[in-house]
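Step one of this worksheet: look at the structure below.
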Amino acid sequence: MQEHFRVLVVEDHNDSREMLEEFLTEEGFTVETAINGLQALERLLRLPRPDVVLLDLMMPVMTGWDLMARVMEEPSLWGLPVIVVSGAGSTRPVPRGIIASIPKPLDLNLLMETLARLRMGTAPSPRVAMAASH
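As structure tokens, then:
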């Protein structure tokens with residue numbers, strides 16, 4: 063079902079990144095990873111682009127907020143689906159341009175529902191994903 067659906071996981075914590083990569087790969091997604099926003103930006107500027115980005119916010123080198131600011135400045139990246147996966151959204155607003163926000167600890171069922179909606183073209187608004195997790 064998820065064949066050829068490319069996901070870029072941007073997460074600085076090795077355990078979280080590896081868990082997401084393994085889980086999504088087992089679910090049939092094609093997964094790439096980046097350890098910070100700068101590495102993610104470099105990847106996003108190459109083709110083929112991922113179908114969705116799962117983005118942590120608090121990372122060294124370039125934060126998720128900084129990455130989203132750069133995405134919003136780059137016309138070729140406008141419309142790129144980005145889902146924030148972070149505990150930071152409760153202490154600082156999520157960045158502009160995201161389609162959903164899923165707090166940590168990560169609810170894998172909510173993540174899969176959000177990805178399924180995205181594939182069908184009905185991704186929830188940021189508020190819907192946040193409300194569904196509480």
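Position one of the sequence shown corresponds to residue 63 (my numbering), numbered consecutively onward. Think of the CB as a built atom: it goes at the ideal place given N, C-alpha and C, for glycine as much as any other residue.
In this structure, the CA atom of Thr176 is about 17 angstroms from the CA atom of Val72. About 7 angstroms separates the Cβ atoms of Arg68 and Pro110, confirming a contact at the 8 angstroms cut-off.
Under the Cβ criterion (8 angstroms, minimum of three pairs), the region 161-169 does not count as touching the region 130-140.
Fewer than three beta-carbon pairs drawn from the region 117-124 and the region 83-92 are found closer than 8 angstroms, and the two stretches are therefore not classed as touching. Secondary structure note for Val133: it is in no beta strand (DSSP E), and the uninterrupted alpha helix (DSSP H) holding it is Gly126 to Glu135. Beta bridge pairing from DSSP links Thr95 with Val71. Secondary structure at Leu107: coil, using DSSP grouped into helix, strand and coil. C-alpha of Met124 to C-alpha of Pro143: approximately 19 angstroms in a straight line.
DSSP places Ser163 within a strand segment (E or B) once states are collapsed to three. Taking the C-beta atoms as reference points, Asp74 is found nearer than 9 angstroms to Ile97.
When C-alpha distances from Arg105 are compared across Arg181, Pro165 and Leu129, the shortest belongs to Leu129.
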